[in-house]
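Student:
Numbering (this note's numbering), first residue to last: 3 to 312.
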């Protein structure tokens, strides 16, 4: 796996070609600089019950805790190297995408007095240490099977997805969980540059933005990177697995499951329910995850796993 300045990509029937630096690197040597402490404080002051459109009839303590929660999440993103300030309407989607148990965290924050809540969002080393402690001991994740984000165009879905992946990765690292890459699947190769630019602009180092290239002999990917590939590359890799080959996109599959997938591929969609059950049962046996987060852009254009049809 190589960084975006020197990545390998597939060409035709799996040939590996060396590409030049992507276009977004040509026009910018470094991403936008981090906000200053003064700018961060100003952005945090903009996060209010009114701007978050919270229920004015709700309990005062609950509304205040919700405001502190959003400010806290923004501070964690900055601690993790995220360079942007989330828009007020993006926090709900961000928290849902990251899989954070919001109810449990709100129950904790409600019990904190105002001075303690203020320390939680303080732009100082002490404030950062308090946030680390909260991430380590008080944040839990819900058992989600994924989330379909259907916000309107222009509301910042790309930034929400990247922010959620960075947020989840940071919290998991603080909690001592294995550091894993995040996988982004785009509808076609043309979208890869857009995602590279977005990742770079949010503060992800260029060496941590890579394009997928098959290499059966190596461990999957760098632990802190974002791996990008198009749906066509994903389908090609799926075909590769169905032929009985290994892939650093998938965990090792047992032979009986491969044979079931191959048979269903030949027969069409008749056995799809059986395949879903088999894959579901197999997923329960997987002990080592390959990715911390999976983002599928424009998922409605993706094709059926078995038939490769629309």
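By construction, the Cβ of each residue, glycine as well, lies at the ideal position given by its N, Cα and C atoms.
From a predicted model like this one, the values you see are computed outputs, not experimental measurements.
Could you give the C-beta distance for residue 70 and residue 96, rounded to a whole number, given that I count them as a contact under 8 angstroms?
Tutor: Incorrect: roughly 15 angstroms between the Cβ atoms, too far for contact.
Student: Using DSSP bridges, identify the partner residues of residue 157.
Tutor: Answer is none; residue 157 lacks a bridge partner.
Student: Could you check which residue in 155, 212, 78, 143 has the C-alpha nearest to that of residue 172?
Tutor: With distances taken between Cα atoms, residue 172 lies closest to 78.
Student: To the nearest angstrom, how far is the alpha carbon of residue 300 from that of residue 90?
Tutor: Cα to Cα, residue 300 sits roughly 24 angstroms from residue 90.
Student: Are there 16 or more other CB atoms within 10 angstroms of the CB of residue 239, so buried, or fewer, so exposed?
Tutor: Its Cβ being crowded by 16 or more others within 10 Å, residue 239 is buried.
Student: Excluding the five sequence neighbours on either side, which residues of its own chain have a C-beta within less than 6 angstroms of the C-beta of residue 297, listed in chain order?
Tutor: The answer, listed in chain order, is 163, 186.
Student: If the criterion is Cβ atoms closer than 9 angstroms, does the pair residue 45 and residue 87 meet it?
Tutor: A contact, by the Cβ cut-off of 9 angstroms.
Student: Can you tell me the Cα-Cα spacing of residue 158 and residue 116, whole angstroms?
Tutor: Answer to the nearest angstrom: the Cα atoms are 32 angstroms apart.
Student: Shortest alpha-carbon distance to residue 302 belongs to which of 50, 190, 145?
Tutor: Answer by Cα proximity: 190.
Student: Identify, in the order they occur along the chain, each residue of the same chain with its Cβ nearer than 8 angstroms to the Cβ of residue 108, setting aside the five sequence neighbours on each side.
Tutor: Same-chain partners within the cutoff: 64, 67, 68, 71.
Student: If we call anything under 9 angstroms between Cβ atoms a contact, is residue 293 one with residue 184?
Tutor: Closer than 9 angstroms, so yes.
Student: Of all the options 229, 98, 265, which has the alpha carbon lying nearest to the alpha carbon of residue 146?
Tutor: Nearest option by C-alpha distance: 98.
Student: Identify every residue that forms a DSSP beta bridge with residue 184.
Tutor: Paired residues: 228, 295.
Student: Count the other CB atoms, across all protein chains shown, that sit within 10 Å of the CB of residue 277; report buried if there are 16 or more and exposed otherwise.
Tutor: Residue 277 should be labelled buried.
Student: Out of 262, 263, 243, point me to the one whose CA is closest to residue 254's CA.
Tutor: Measuring from the Cα of residue 254, the nearest candidate turns out to be 243.
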